[in-house]
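Undergrad:
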Amino acid sequence: MPELPEVETSKRHIKQYLLNAKILNIKSFVSKLRWEINPDIKKIFNNTVILKIDRIGKYILINTSNKNTLILHLGMSGYLRINEANVKKIKHDHIIMNIECITGEKKCLIFNDQRRFGHIDFHYTSLLKKHFLIKNLGIDGLSKSLKYDFLNKIFLNKTIVIKNALLDQKIICGIGNIYASEILFYSKIHPLKRVNNLCKNEINFLLFNINVVLSKAVLSGGTTIKDYKQPNGKIGYFKQKLKVYGREKLKCYDCSSIIFKLNINKRATYICPDCQKNKLVN
Ligand SMILES: [Zn+2]
-5 MPELPEVETS KRHIKQYLLN AKILNIKSFV SKLRWEINPD IKKIFNNTVI
45 LKIDRIGKYI LINTSNKNTL ILHLGMSGYL RINEANVKKI KHDHIIMNIE
95 CITGEKKCLI FNDQRRFGHI DFHYTSLLKK HFLIKNLGID GLSKSLKYDF
145 LNKIFLNKTI VIKNALLDQK IICGIGNIYA SEILFYSKIH PLKRVNNLCK
195 NEINFLLFNI NVVLSKAVLS GGTTIKDYKQ PNGKIGYFKQ KLKVYGREKL
245 KCYDCSSIIF KLNINKRATY ICPDCQKNKL VN
C-alpha cells in the first residue's frame, strides 16, 4: 500500500496545480470507498479556494477557504493523477475534482482506487486533530521533531518488538511494511528486538535511517510493487533500490548472506541474518 514516500510524492505533484486553485466541483461516482463518503462534500467545497496542501503520515490534507480540510487516504491501491478538464474517465476513477488553476487553466484531480480501501472525508480545519482518522496519529516519519528524547520516552516502557513499533501509526505515522524492513536493515537491527532493549546508539541510528530511507524513497518517486503510480503516470523507482524487501533467497548486497522472510504479526518481514544479528536480547 502507499506509504509516506508515495503519499509525499503524490502531494508534491498535485500541489503544483492545486495550490491557490479554485475548486469548481467534486464528483463522486461511488457512495463509499472504505467508508461512506459524506454526500455534502459536493456542495461544501464548490467555489472554494485551496489554501494549503499538507501531509501527515499516509494522509493528504487540503485546506480550503471555507475553513474545511479535505482528507485523502490512498488505501491499498489508490493513486492520484492530474488531467486536463473533461478527460474521459477510466475504470476505477471514483472521485474527480474539477479545478481552475491559478494560471486560469482548467484541470482535474482524479482519485483512482481499484480495491476501494481508500477514503475521502473532510472536517473543520481548526478541529482536524479531532477527526477519527487523524486524532490517534503519532509523529510524522519525516517530522523534524522526531528526535531521540521523544522516541526513547515512548520505547522505554514498551516491550513490543521494533518491527511492530515501526508499523504502529500511533507512535510514528507513515511507515508501512516495505519501509519498516528497509529501515531495520539500514539500522542493522533485528526486527524482533524489543524496543525497551534498544540502546541510545541504536535509537539514534534508527532515527537517522528512518530519515534516510524515507527521504531517498521520496526522491525516487516512491516504490511501485503493484498498483501505485505517481500522479504524472510514472511508477515509483525506489523498488530497484530496495535492499531486503521482496528479496527473499537473494544475496544481501552488503555481505552476500541470503535474505530470508519471517512473519511478524502476519506481516512479511525481510531480514539479512548477518547484517541484523545484534538482536534477541529479550
Ligand atoms: Zn547482509
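Each step along the sequence shown adds one to the number in my numbering, with nothing skipped, and position 19 is 13.
The C-beta atom is built at its ideal place from N, Cα and C for all residues, glycine as well.
For clarity, every value in this text was computed on a predicted model and none was experimentally measured.
If you draw a straight line from the C-alpha of residue 275 to the C-alpha of residue 232, how long is it?
TA: Model confidence at residue 275 stands at a pLDDT of 49, short of 50, so the residue's coordinates are unreliable and nothing is read from them.
Undergrad: What residue from 116, 132 and 102 has the CA that sits closest to residue 125's CA?
TA: It is 116.
Undergrad: How about residue 168 and residue 134: are their beta carbons less than 7 Å apart?
TA: Yes. Within cutoff.
Undergrad: Residue 262 bridges to which residues according to DSSP?
TA: DSSP lists 257 as partners of residue 262.
Undergrad: Using the three-state DSSP reduction, which class does residue 177 fall into: helix, strand or coil?
TA: Three-state DSSP puts residue 177 in a helix.
Undergrad: Indicate the three-state DSSP secondary structure (helix, strand or coil) for residue 82 in the structure shown.
TA: Note: residue 82 maps to coil in three-state DSSP.
Undergrad: Of all residues in the structure, which have a C-beta closer than 7 Å to any heavy atom of ligand 1, taken in chain order?
TA: So the residues near ligand 1 by this Cβ test are 246, 248, 249, 251, 266, 268 and 269.
Undergrad: Please classify residue 149 as buried or exposed, where buried requires at least 16 neighbouring CB atoms within 10 angstroms.
TA: So residue 149 counts as buried.
Undergrad: DSSP state of residue 22, grouped into three classes?
TA: DSSP places residue 22 in strand when its eight states are reduced to three.
Undergrad: Under 7 Å, do residue 157 and residue 265 count as touching if we go by C-beta distance?
TA: In this structure, residue 265 does not lie closer than 7 Å to residue 157 by Cβ.
Undergrad: Should residue 33 go down as buried or exposed, given a rule of 16 or more other Cβ atoms within 10 Å for buried?
TA: Flag for residue 33 reads exposed.
Undergrad: Find out if the Cβ-Cβ distance for the pair residue 73, residue 173 is shorter than 7 Å.
TA: Taking 7 Å as the Cβ cut-off, residue 73 and residue 173 do not qualify as a contacting pair.
Undergrad: Just to confirm before moving on: does the CB-CB distance between residue 298 and residue 152 stay below 7 Å?
TA: Any question about residue 298 goes unanswered here, given that the chain covers just -5 to 276.
Undergrad: Would DSSP call residue 243 helix, strand or coil?
TA: In this structure, residue 243 counts as coil in the three-state DSSP scheme.
Undergrad: Within its chain, find whatever has a CB closer than 7 Å to the CB of residue 5; leave out the 5 residues flanking it on each side and keep chain order.
TA: 47, 49 and 54.
Undergrad: Taking the C-alpha atoms as reference points, what is the distance between residue 13 and residue 56?
TA: The alpha-carbon atoms of residue 13 and residue 56 are separated by roughly 9 Å.
Undergrad: Using C-beta distances below 6 Å, list every residue in its chain close to residue 208, excluding the 5 sequence neighbours before and after it, in chain order.
TA: Correct list, in chain order: -2, -1, 135 and 136.
Undergrad: For a test of the three-state rule: what should DSSP assign to residue 46, helix, strand or coil?
TA: Reduced to three states, the DSSP call for residue 46 is strand.
Undergrad: Are the CB atoms of residue 119 and residue 61 within a distance shorter than 7 Å?
TA: Yes. Within cutoff.
Undergrad: Shortest alpha-carbon distance to residue 100 belongs to which of 154, 70, 80 and 191?
TA: With distances taken between Cα atoms, residue 100 lies closest to 80.
Undergrad: To the nearest angstrom, report how far apart residue 29 and residue 217 are at their CA atoms.
TA: About 26 Å.
Undergrad: Classify residue 239 as buried or exposed, calling it buried when 16 or more other Cβ atoms lie within 10 Å of its own Cβ.
TA: Label assigned to residue 239: buried.
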